[in-house]
Amino acid sequence: MAGHSSWEEQRYLYPHDIRDKFPIWERDFNIQPFKYERSRLPFRMTNEERLWRKQWLQDQVLAADEPKNVPNLHKLHKNPIRYRWMVFWDSIFNRLRPVVGNTAASVLRQTVPKFLLIHLGVLSGIYMVLYHKQEWEKYGGVQVYGYKGNHVESISSWKTLDSTDYVDRGFKERTSNRWTDHKY
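Be aware that the sequence shown starts at 52, since it is given in this note's numbering, and climbs by one per residue.
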């Protein structure tokens, strides 16, 4: 662009996008010369810049053999674990495609593996809560509080508790080291 203008004029001339606030490495890399029409006004472009833009627009027209078909290109862009995961599900849903149709098979191919992973995550969480409770013998685990019932008023709130009853985590129910030397 021939000459520079003030920031107010730049703000008016060039529309802004939310992506302008992204870090520079996450913004679109636009190589189009004079993208906005206001920057192509006669008094702003030189003849050399017009020829440059004309050549750039001609370069955007695809040839008859473009885009090129590169075999196995989809294998190069995925890591081996993801590629094997994809091949496994593709083989299952490609066999299902003649039965349910192309659209349904594509939708199922995208949704079923995701729902199965979510289901596996939920089941793993339930397993951790049920079978890996926090106890006095080990570090970690999930601390589970007991159910108080529908009517909290029916539970005696004046039950006398010893100072050793809090955060017991199964210590009093232990079967080993029960003699008096190991009391706390």
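Even for Gly, the Cβ is constructed at its ideal location relative to N, Cα and C.
Please read all numbers here as calculations on a predicted model, not as lab measurements.
Nonlocal neighbours in the same chain, by C-beta distance under 7 Å from residue i, ignoring five residues either side
i, result
"Gly221", "Glu186, Trp187"
"Met137", "Lys129"
Beta-carbon proximity check, residue i vs residue j, cutoff 8 Å
i, j, result
"Arg104", "Phe80", "no"
"Val292", "Met179", "Examination of residue 292 is not possible in this model, given that the chain is present from 52 through 235 alone."
Residue environment, residue i, which counts as buried when at least 16 other CB atoms sit within 10 Å
i, result
"Phe24", "Outside the displayed range of the chain (52 to 235) lies residue 24, so it cannot be described from this structure."
Close beta carbons around residue i, own chain, < 8 Å, minus the five adjacent residues each side
i, result
"Asp219", "Trp187"
"Lys126", "Tyr134"
"Arg148", "Ala156"
heavy atom of the ligand ZN below 7 Å from residue i C-beta
i, result
"Tyr182", "No copy of the ligand ZN occurs in the structure displayed, which carries no ligand at all."
What are the start and end residues of each continuous beta strand (DSSP E) run of 3 or more residues lying completely inside the region 87–111, in chain order? For the region 87–111, not a single whole beta strand (DSSP E) run of length 3 or above is found.
- Message: With three or more beta-carbon pairs closer than 8 Å as the criterion, would you say the region 85–97 touches the region 109–127?
- Response: Flag = no, the region 85–97 and the region 109–127 do not touch.
Exercise. Whole alpha helix (DSSP H) runs in the region 113–164 with 4 or more residues, listed along the chain?
Worked result: If one requires a minimum length of 4 residues, the alpha helix (DSSP H) runs lying completely within the region 113–164 are 124–127, 131–151, in chain order.
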